[in-house]
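In this note's numbering, the protein residues as written are 126 to 499. Beta carbons: idealized from backbone N, C-alpha and C, even for Gly. Quick caveat, the model's predicted, so the values are computed rather than measured. See below for the structure under consideration.
Set out below in structure tokens:
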């Protein structure tokens, strides 16, 4: 029976819409209009209670005192300090100097794991994130049933640096790919090698610690400096423009995240153009343990003018010069768990699989991550 990805997308959209309505009603009359976090009801942010019950916020931010940067002054209040070893690095990159602490007033949130190159956490954080992924290919690729199979493994390290209370430097793609592919992919097309490097900026437009609402946007640029044998260094690089948001539910015991993005190559004649939509729902079952589920929808807006005609493009790992991908859609889904003993450490695992008949290059995938947050 043919899988209907449009039904899954409709269900997801309805669920997200209802969640935001519920969250909005629960906080009605309590500074919902102050999405930038600058209203007079923030006067208690400098106190250890962090959030004032009078404003409708019953959530305690862990006694950090760093509840709202618009009210407590951020670094001026002593809650932010520089990291001397990295300070000169930040100045060289941006000229902005001091590396900020992560925004710990949203420590009840966890970071998403599906499509980790493009699904960006909406929070402003300073962190290192090692990632290991093992990805299996379908036995046949595309409408031509090109023989494939086997797998690849990726060892990667993301980092994010909060440069101001709202602005972050993000590096989301790098690492080393180990090839264990089979069929037409084996050796003739794909070999072990370095992945491309992708980095950019993220800005936090909306931050309301009382309602638990976040909205950020930004861009990255993928530098074609990886190994050609690992199917990297395609074209002249590509931009990714994105918006990402999150909402706290059930007094911090559940959360939703959602992001949309546009993947635009510099040279569209040799790489495909895509749009994608990612969603995340988690439930905190204990103080330190979360269960979550996520989905990712990809749509190919345009294909390359020259290259192969396998009918697959590569999802978040690759952007191949394929001439037969325009109009393709794929939806993948995952289930996973995270262990978060504190606001500074987070560990997760997730199993991902396609929901649509069209799988592009994914049979299934296991992803593991660790986050060390400042």
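Beta-carbon proximity check, residue i vs residue j, cutoff 9 Å
i           : j           : result
residue 364 : residue 391 : yes
residue 448 : residue 487 : no
residue 349 : residue 304 : no
residue 306 : residue 275 : yes
residue 393 : residue 429 : yes
residue 388 : residue 337 : no
residue 282 : residue 254 : yes
residue 277 : residue 251 : no
residue 476 : residue 453 : no
residue 232 : residue 384 : no
residue 412 : residue 380 : no
residue 450 : residue 484 : no
residue 236 : residue 246 : yes
residue 437 : residue 266 : yes
residue 240 : residue 441 : yes
residue 285 : residue 332 : no
residue 405 : residue 422 : no
residue 325 : residue 273 : no
residue 499 : residue 464 : no
residue 256 : residue 494 : yes
residue 234 : residue 382 : yes
residue 318 : residue 359 : no
residue 296 : residue 226 : no
residue 489 : residue 260 : yes
Terminal residues of the beta strand (DSSP E) in which residue i lies
i           : result
residue 424 : 414–427
residue 270 : Premise fails: residue 270 is in no beta strand (DSSP E) and is neither H nor E.
residue 224 : Careful: residue 224 lies outside any beta strand (DSSP E) and carries neither H nor E.
residue 501 : The chain is shown only over 126 to 499; residue 501 falls outside these bounds and no answer can be derived.
residue 484 : Where residue 484 is concerned, there is no enclosing beta strand (DSSP E), given that its DSSP letter is neither H nor E.
residue 262 : Run containing residue 262: none; DSSP gives neither H nor E here.
residue 336 : No beta strand (DSSP E) holds residue 336; DSSP gives it neither H nor E.
Simplified DSSP assignment, three categories, for residue i
i           : result
residue 241 : coil
residue 91  : The question about residue 91 has no answer, for the chain in this structure spans 126 to 499.
residue 201 : Here residue 201 scores only 34 on pLDDT, less than 50, and its place in the model should not be relied on; the value that follows carries that caveat. Note: residue 201 maps to helix in three-state DSSP.
residue 278 : strand
residue 434 : coil
residue 165 : The predicted position of residue 165 is uncertain, since its pLDDT is 33 and thus under 50; a value taken from the coordinates is nonetheless stated next. It is helical.
residue 382 : strand
residue 443 : coil
residue 186 : Its pLDDT being 44, under 50, residue 186 is placed unreliably in this model, and the value from its coordinates should be taken loosely. Correct three-state label for residue 186: coil.
residue 97  : The chain is shown only over 126 to 499; residue 97 falls outside these bounds and no answer can be derived.
residue 449 : coil
residue 491 : strand
residue 478 : strand
residue 454 : strand
residue 499 : coil
For residue i, the residue or residues it bridges with in DSSP
i           : result
residue 232 : Beta-bridge pairing links residue 232 to no other residue.
residue 323 : 298 and 347
residue 468 : Bridge partners of residue 468: none, in fact.
residue 460 : 418 and 476
residue 393 : Paired residue(s): none; residue 393 is not in a bridge.
Which ranges would you report for the beta strand (DSSP E) in the segment 352–380 if only whole runs of at least 3 residues count?
363–374
Threshold first: 3 residues or longer. Then list the beta strand (DSSP E) segments lying entirely within the segment 283–318, N to C.
You should have 292–298 and 301–306.
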